[in-house]
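Chains as they are written, first to last, in my numbering: chain A, 1 to 103; chain B, 1 to 103.
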DNA sequence: TTCAATAGTTCAATACTAATGAACTATTGA
DNA sequence: TCAATAGTTCATTAGTATTGAACTATTGAA
């Protein structure tokens, strides 16, 4: 049984968040989650269709360990949700601002 | 003669800026430059005294190529200045916000 | 119950990036 | 002219990313 590691709110660091968002693919994943405003499976939130699933899985792990998303299991899928409240509490308005830029 | 490569304003990317700022040492360099509000040499803006100068040089190169700083030569030193106007034009308020967080 | 399909993870291999010491370049001042 | 200073570049080593292959867990159908 896979157990996911999520940092507590106060363990989330600025460098960790920026590093996680500094990858174009991960930025797209986070944008998808923010736009959806709901849980998404890994494949639903995949930034491009031809990415190896091991690579995709790794990106989700990095987002999870940076504290940007929370993952839970539901059936055969993983439900990923953006930790907006936690990020906003740590770094007010940062996430919204970064996601507001067009690229 | 060393020639520095600086991206044009419109070549500055969000992922590039975030990646450059995602390193704690580079974040400290940028904070020093922002606090100084003036040119600083590489050693003046060094984030810690025991860093190898090749490493320091590499960090400045990454900041330069991301468009965060502009470097010019003045005598034996390099004068580094934060490209606040360019970054603000591309990503309004982003830099100020990131630098406002305590860590 | 068995078995195939689905959704992800983990592992091992390879490719890329970062950190460092050593050697180098350019400028200054004695 | 020569030593000191400030950085860069290069080669090596260490760490991180990407990927295919093998694996785990869950579901739905036969």
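We treat Cβ as the ideally placed atom computed from N, Cα and C, and that holds for glycine.
With fewer than 16 other CB atoms across the displayed protein chains lying within 10 angstroms of its CB, residue 10(A) is exposed. Under the DSSP assignment, residue 77(B) falls in the beta strand (DSSP E) whose first and last residues are 77 to 82. Here residue 67(B) really is in contact with residue 6(B); their C-beta atoms are around 7 angstroms apart, less than 8 angstroms.
No Cβ-Cβ contact shorter than 8 angstroms links residue 52(B) with residue 29(B). Three or more Cβ pairs closer than 8 angstroms define a contact, and the segment 22 to 37 of chain B falls short of that threshold against the segment 35 to 44 of chain A. By the 16-neighbour rule on beta-carbons within 10 angstroms, residue 50(B) is exposed. Counting only the Cα atoms, residue 70(B) lies some 13 angstroms from residue 59(B). In terms of Cβ geometry, residue 27(A) and residue 15(B) form a close pair [threshold 8 angstroms].
A Cβ-Cβ contact shorter than 8 angstroms links residue 101(B) with residue 91(A). Rounded to the nearest whole angstrom, the C-alpha separation of residue 103(A) and residue 20(A) is 16 angstroms.
Membership of residue 26(A) in the alpha helix (DSSP H) is indicated by the continuous run 24 to 36. By the rule that beta-carbons nearer than 8 angstroms mark a contact, residue 55(A) does not touch chain B.
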